[in-house]
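*Asks:*
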Amino acid sequence: NAGVTQTPKFRVLKTGQSMTLLCAQDMNHEYMYWYRQDPGMGLRLIHYSVGEGTTAKGEVPDGYNVSRLKKQNFLLGLESAAPSQTSVYFCASSYATVSEAFFGQGTRLTVV
Amino acid sequence: EDQVTQSPEALRLQEGESSSLNCSYTVSGLRGLFWYRQDPGKGPEFLFTLYSAGEEKEKERLKATLTKKESFLHITAPKPEDSATYLCAVQTFGGGADGLTFGKGTHLIIQP
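In order, the protein sequence lines correspond to chains A and B.
Numbering of the first sequence is given in this note's numbering, commencing with residue 942 and proceeding in unit increments.
Numbering of the second sequence is given in this note's numbering, commencing with residue 615 and proceeding in unit increments.
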C-alpha cells in the first residue's frame, strides 16, 4: 500500500517555465489537497478537491492551477513559474473533511 | 480569520525530561484539532484528532488534550526518537474552504 505518492521529488525551474506536479493516492479517498511549506510560514493550503472532477481554491491559490480528472490523481500546475513559488509542496488525501489526512513525501521546487 | 499559534517555536529536552507543547487557536467554529509529527525531509504524519473540549487521546509517550481555546501535547519521558517538528492544525466550520489551517510548529530535540 503506497499511500500518497508525489512526482517528482525535486525540480529546478527557470523563471517563466511551466511544470506539473503529480499526486497519486491508492486509498480511494474523496478529498485531496495541495499545500506549500515555507520556512517560518507553516503549511498553507493552495487548492483542494472534494471529489473527482471538482476543484476549489484554498488560502494561496494565485499562480497555480489544478485538475482532478481521476479520483486517484490530483495535478498541480504552474503556468509561469516565479521565484516566489520556490517551496516544498505537499499533497494530501483524506476520506472525509474531518478525518486524518495522509501526506506525500513532498516535492522540493526551486525557481531561479 | 482562523489563527493557530504554537509555542514554543523550539524546545530542547534531556531524555526522560517530560514537557508540554502548546497550540492556541482562534476560529469561528472548531470541527476538529489535529496533531501531526514531521521528520526532516518528510511529509507530516498523523498523530491525533480532538473534536471537543475536555477530550484527551494518548499514544505511547504522547497525550493530547483540548480546551475551548488551546490544545496541549504532553510528552512523558521522551526518547531521542521523539525528536521532530510537531504541527497543530484546525478544521473549522464555514469559511468556504475545506482543508487544514496549520500552526508554524514546535521543533523538539531530545538529547540522549
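Using N, Cα and C, we set each Cβ at its ideal position, and we do this for glycine too.
Would you say Glu1041/A faces chain B, with C-beta separation under 7 Å as the test?
*Replies:* yes
*Asks:* Flag this pair as yes or no: are the beta carbons of Leu635/B and Thr720/B separated by less than 7 Å?
*Replies:* yes
*Asks:* Would you say Thr1038/A reaches chain B, if we count a Cβ-Cβ gap shorter than 7 Å as a contact?
*Replies:* So, interface residue.
*Asks:* Run through DSSP, which three-state label would Asp696/B get?
*Replies:* helix
*Asks:* Could you tell me how far apart the beta carbons of Leu644/B and Leu722/B are, in whole angstroms, since I believe they sit closer than 8 Å?
*Replies:* Not a contact, Cβ separation roughly 24 Å.
*Asks:* Of the residues that make up the segment 695-725 of chain B, which ones have a beta carbon closer than 9 Å to any beta carbon in chain A?
*Replies:* Leu701, Ala703, Gln705, Gly710, Ala711, Asp712, Gly713, Leu714, Thr715, Phe716, Gly717, Lys718 and Gly719
*Asks:* Going along chain B in order, which residues have a C-beta closer than 7 Å to the C-beta of Gln1046/A?
*Replies:* Correct list: Lys656 and Gly657.
*Asks:* Using 8 Å as the Cβ pair cut-off and three pairs as the minimum, do the segment 981-988 of chain A and the segment 1045-1053 of chain A touch?
*Replies:* no
*Asks:* Using a Cβ-Cβ cutoff of less than 7 Å, which residues in the same chain neighbour Lys682/B once the five nearest sequence positions on both sides are dropped?
*Replies:* Ala667
*Asks:* Since Ser633/B is in the beta strand (DSSP E), which residue starts that stretch and which ends it?
*Replies:* Ser633 to Thr640 is the extent of the beta strand (DSSP E) around Ser633/B.
*Asks:* Any C-beta of chain B within less than 8 Å: which residues of the segment 978-996 of chain A qualify?
*Replies:* Listed by position along the chain: Gly981, Met982, Gly983, Leu984, Arg985, Leu986, Tyr989 and Val991.
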